[in-house]
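Position 124 (the sequence shown) corresponds to 124 in full-length UniProt numbering; numbering is contiguous.
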Amino acid sequence: MNEHLPVCVALQETLLKPSCTSNIRGYSIFRKDCNTGERACGGVALLINNATPFSPELQELIDQLPSPFILLGDFNAHHLLWGCQDVNSRGKVVEKLLTELDLTLLNDGSNTYFHSPTQSFSAIDLSICSPSLLLDLTWSVLGNPLGSDHFPVVISYATPIACATLRQPRWKFYQSDWEIFRIQADLTEDMVSSGSIDEAVSLVTSCILSAANNAISQPSSRLPRFPKPWWNKECQMAKKKYKNKAWNRFRRYPTPDNMIAFNKARARASKIHRQRKRESWIKC
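Rendered as structure tokens:
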């Protein structure tokens, strides 16, 4: 999230119960949980950046499918068209839907899912959009599943979208060279004696801001990243071993031994993270 700063995030297999509440800073969350008795299963969610205008009537939007639109999901549909090695009934249905409704598939054939029992990859996570969006969007898959069996899919928009990723500029007046500011903020009579009032204001403002930028320090305009209170070096090492070593080795050489090593590293990383989270709550 902090790396890609997405406008919208589509999640699946959330495994959340209605009683489970969570908040992500800067995003509104819309969930559809799936529960069997007291056990959580399935589930989807949308995370929408608060700086992005959106309508909360998601069900109405889905039913009406306003154009242009983007449709994302684990369709569990296999077809050669989007990179699978076989074709199933769902794949035929989706392929027919794309053809009859003149829809565009963003997938480029890259695998989006890893089936651990069979050690096989497939492309069942589809990204469908209106034809008018095809040239405006780029589609890619991250190389690491980040602990899931689905790979994160990144869809980028060519035109920048308003997003609260930067904070208002500020000045560090305690880290200033006022002598440089005094010399460079030289307001002459020529700035205000000729031309219109608007031109004079523009010249004076530009002179002051230029001097301030050269003489006064400014903090980073990026929003701060708040560290997880439970994260420590042990978590970092477990993640590094699982992400950079075990997974990359298995991805290059998908042998049974590398598969076992990958599963062990992933299980150990998950166990360490759960323990640290639990200990953090106990301390609080």
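We put the beta carbon where it would ideally sit given N, CA and C, even for glycine.
Label Asp125 either buried or exposed according to how many other C-beta atoms from any shown protein chain fall within 10 Å of its C-beta, with 16 as the threshold for buried. buried
Could you tell me which of Ala212, Gln275, Thr205 sits nearest to Tyr174, measuring between CA atoms? Ala212
Report whether the distance from the Cβ of Val9 to the nearest heavy atom of the ligand MG is below 7 Å. As presented, the structure is devoid of all ligands, the ligand MG included, so that no description of it is given.
Among Pro117, Pro227, Asp186, Val87, which one has its Cα closest to the Cα of Asn263? Nearest option by C-alpha distance: Pro117.
Alpha carbon to alpha carbon, how far is Pro131 from Arg90? 22 Å
Boundaries of the beta strand (DSSP E) in which Lys172 is found, first to last residue: 172–176
Going by other Cβ atoms of all chains shown within 10 Å of its Cβ, with 16 needed for buried, is Ile48 buried or exposed? buried
Would you say Arg266 and Gly147 are within 8 Å of each other, going by their C-beta atoms? yes
Out of Ile197, Asn214, Val192, Arg170, state which residue places its alpha-carbon closest to the alpha-carbon of Gln184. Asn214
Which complete alpha helix (DSSP H) runs does the segment 71–121 hold, if anything under 4 residues is left out? 89–100
Among the residues of its own chain, which have a CB less than 8 Å from the CB of Met191, if the five just before and after it don't count? Ala200, Leu203, Val204, Cys207
Kindly indicate which three-state DSSP category Ile62 falls into: helix, strand or coil? Unreliable positioning characterises Ile62 in this predicted model, as indicated by a pLDDT of 47, which lies under 50. A coordinate reading is not provided.
What residue range does the alpha helix (DSSP H) around Cys20 cover? For Cys20, no alpha helix (DSSP H) run applies, since DSSP gives it neither H nor E.
List the endpoints of the continuous beta strand (DSSP E) containing residue 296. Lying outside 1 to 284, the shown extent of the chain, residue 296 is not represented and no answer is given.
Answer yes or no: do Ala123 and Thr138 have a C-beta to C-beta separation smaller than 8 Å? No. Outside cutoff.
Anyone know if the C-beta pair for Asp74 and Gln119 falls short of 8 Å? no
With a 10 Å radius around its C-beta and 16 neighbouring C-beta atoms as the bar for buried, classify Ile24 as buried or exposed. exposed
So, is Cys129 buried or exposed, given that buried needs 16 or more other C-beta atoms within 10 angstroms? buried
Three-way DSSP call (helix, strand, coil) for Ala215 in this model: helix
Count the other CB atoms within 10 Å of the CB of Leu209; is the residue buried (16 or more) or exposed (fewer)? Counting C-beta atoms within 10 angstroms of its own C-beta, Leu209 has fewer than 16 neighbours from the protein chains shown and is therefore classed as exposed.
Rounded straight-line distance, which links the Cα of Ser217 to that of Arg31: Looking at the two C-alpha atoms, the distance is approximately 43 Å.
Leu65 at chain C interface by Cβ criterion, 8 Å: Within the model displayed, chain C is absent; a lone protein chain is all it includes.
Pick helix, strand or coil for Ile29, following the three-state DSSP scheme. strand
Short of 7 Å in beta carbon distance, which residues of its chain neighbour Lys241, apart from the five on each side in sequence? Order them along the chain. Hits under 7 Å: Ala265.
With distance defined between alpha-carbon atoms, name the residue in Asn35, Leu106, Cys8 nearest to Tyr50. The sequence given here has Asn at residue 50, not Tyr. The candidate whose alpha carbon is nearest that of Asn50 is Cys8.
At the level of alpha carbons, what is the spacing between Asp177 and Ser193? 29 Å
Arg276 - DSSP class collapsed to helix/strand/coil: helix
Looking at the structure shown, is Gln168 part of a helix, part of a strand, or coil, going by DSSP? coil
Using CA coordinates, which residue listed in Asn107, Gln85, Leu81, Ser140 is at the minimum distance from Lys96? Just measuring C-alpha positions, the residue of Asn107, Gln85, Leu81, Ser140 sitting nearest Lys96 is Leu81.
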